[in-house]
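Going by the working numbering, the sequence shown opens with residue 8, and the numbers climb by one from there.
For every residue, glycine included, the Cβ atom is placed at its ideal position computed from N, Cα and C.
Please read these numbers as outputs of a predicted model, since none were measured by experiment.
Heads up: the structure comes next, in structure tokens.
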Amino acid sequence: VKTTLTVKLRAEGESSWVGGIVKTADLNSEIQNVLGKWCYTCPVPLIVDGRRLDSLQACRGHGWGPTTYPLALGFAEAPLPALPISPGTFEKRPKSKGHRVEQDATEAMARVSPRSVASVPFLVTYHLEEKERTPHQSLIYWVEDGVVVETEPLLCEQSTTTVGCFVNAEGLEADSSCLRLRDTEERARRKMMVREAVATELREISVLDESLEELAESARSQGSLNRKMFLLAGFGAFWVSPVAAVLLAGAAWFSGRSPDAQIQERIRRYRAEIEELLGILES
8 VKTTLTVKLR AEGESSWVGG IVKTADLNSE IQNVLGKWCY TCPVPLIVDG RRLDSLQACR
68 GHGWGPTTYP LALGFAEAPL PALPISPGTF EKRPKSKGHR VEQDATEAMA RVSPRSVASV
128 PFLVTYHLEE KERTPHQSLI YWVEDGVVVE TEPLLCEQST TTVGCFVNAE GLEADSSCLR
188 LRDTEERARR KMMVREAVAT ELREISVLDE SLEELAESAR SQGSLNRKMF LLAGFGAFWV
248 SPVAAVLLAG AAWFSGRSPD AQIQERIRRY RAEIEELLGI LES
């Protein structure tokens, strides 16, 4: 049996149909904003006014956004309560007028074998700024019953490439007076295990650098790289471990066509930033 959660609103008590439409639109927008912020981890399809909201890539801190670009999706193993994964994470979405990079990446994610649960699913995210890179925080998103109930820093240090880890909060004590999770030994234990597990898995994912360079070198003889070639020709090389499904931030996706030197520079930049992040995680 397939379950889908659909939310629809209709305004009541309006004297005109125009007023009803406006009021309904305002309510839908407000509900979409709230559910989109906290409920993108819903373990069943979540549809509000015809729009799918369930997807880890919809995370506002580490998913697709004006200044955030997911480099990879990984699944770390740890003795923690398994977290149900939003089914929209693995589904191809209808094409929109959005950024072409996101469209290509969504198509790639549709090729990843879906999984319903994982110990610690996480996103590796590259933070973009208009003029200069600004360090950001790696975060834990504590999830219970499909809702993000709290976020907290995973690391004390900030970095320009970060991880967003989604962790099951089941069994953790809550403080009803402030609607937050209590700072308990179990919470601290889970946080430490998440850090160790993600570091181990990210070390495995980092081997994709070799595949990247091979792909760029192969395409160099053809004069240039385009985003489709990068996506389709190399996707098979991005499977780096049984528990890691990698969605690569294709170096050519940003510009469509780039000289090989620019692509190689972007690859080196990704490697350096991931290595920096690994150093922080393993310190």
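For residue i and residue j, what's the separation of their Cα atoms in angstroms?
i    : j    : result
S184 : T75  : 34 Å
F173 : S123 : 14 Å
A83  : V201 : 8 Å
E203 : L285 : 10 Å
E139 : R275 : 17 Å
N175 : S126 : 8 Å
Q64  : F129 : 10 Å
L162 : G57  : 37 Å
G68  : E37  : 19 Å
R187 : T207 : 29 Å
K102 : V170 : Caution is warranted here: a pLDDT of 48 is assigned to K102, below 50, making its placement in the model unreliable, and no coordinate value can be reported.
D182 : G153 : 19 Å
P91  : R197 : 17 Å
V205 : G81  : 8 Å
P86  : M199 : 12 Å
P142 : V155 : 23 Å
E193 : S145 : 20 Å
E177 : W149 : 9 Å
Q39  : C49  : 13 Å
Which whole-angstrom value describes the C-beta separation of residue i and residue j, a residue pair presumed to lie in contact below a C-beta threshold of 8 Å?
i    : j    : result
V51  : T11  : 6 Å
T5   : L209 : This structure does not reach residue 5, given that the chain is present from 8 up to 290, and the question cannot be answered.
I287 : E164 : 5 Å
Any idea what DSSP makes of residue i, helix, strand or coil?
i    : result
R234 : In this predicted model, R234 has a pLDDT of only 45, less than 50, meaning its place in the structure is not dependable enough to derive any value.
V205 : helix
W45  : helix
G171 : strand
L80  : strand
T75  : strand
L146 : strand
R194 : helix
T158 : strand
L284 : helix
E98  : coil
L63  : helix
R58  : strand
E289 : helix
E177 : coil
E139 : coil
E151 : strand
S166 : strand
A85  : coil
R189 : coil
S23  : With a pLDDT of 45 at S23, under the threshold of 50, the predicted position of this residue should be treated as unreliable, and no value is reported.
Residues in the same chain with beta-carbon distance under 6 Å from residue i, minus the five sequence neighbours each way, listed in chain order, please.
i    : result
L239 : Unreliable placement is indicated for L239, whose pLDDT of 39 sits below 50; no coordinate value is reported for it.
T13  : I54
E159 : I147
R59  : G95
P121 : F97
P73  : none
Evaluate residue i with the Cβ neighbour count: other Cβ atoms within 10 Å of its Cβ, from every protein chain shown; 16 or more gives buried, anything less gives exposed.
i    : result
C46  : buried
E289 : exposed
A89  : exposed
E151 : buried
A195 : exposed
R189 : exposed
V41  : exposed
S228 : Residue placement at S228 cannot be trusted, given a pLDDT of 48 that sits under 50; what the coordinates show is reported in the next sentence. Per the 10 Å Cβ criterion, exposed.
Say the cut is 6 Å; is the CB of residue i nearer than that to a heavy atom of the ligand GDP?
i    : result
L288 : The ligand content of the structure shown is nil, which means the ligand GDP is not present either.
For residue i, collect the residues of the same chain with a Cβ closer than 8 Å to its Cβ; drop the 5 residues on either side in sequence, then sort them by chain order.
i    : result
T168 : L78, V131, T132, Y133, H134, Y277, E280, I281, E283 and L284
S166 : P142, H143, S145, E280, E283, L284 and I287
Starting from the C-beta of residue i, find all residues in its chain whose C-beta is less than 7 Å away, skip the five residues before and the five after it, and write them out in chain order.
i   : result
S62 : Y47, S93, G95 and T96
G43 : L60 and A65
When you compare the CB of residue i with every CB in chain C, is at least one pair closer than 7 Å?
i    : result
S126 : Protein chain content of the structure displayed is limited to a single chain, and chain C is not contained in it.
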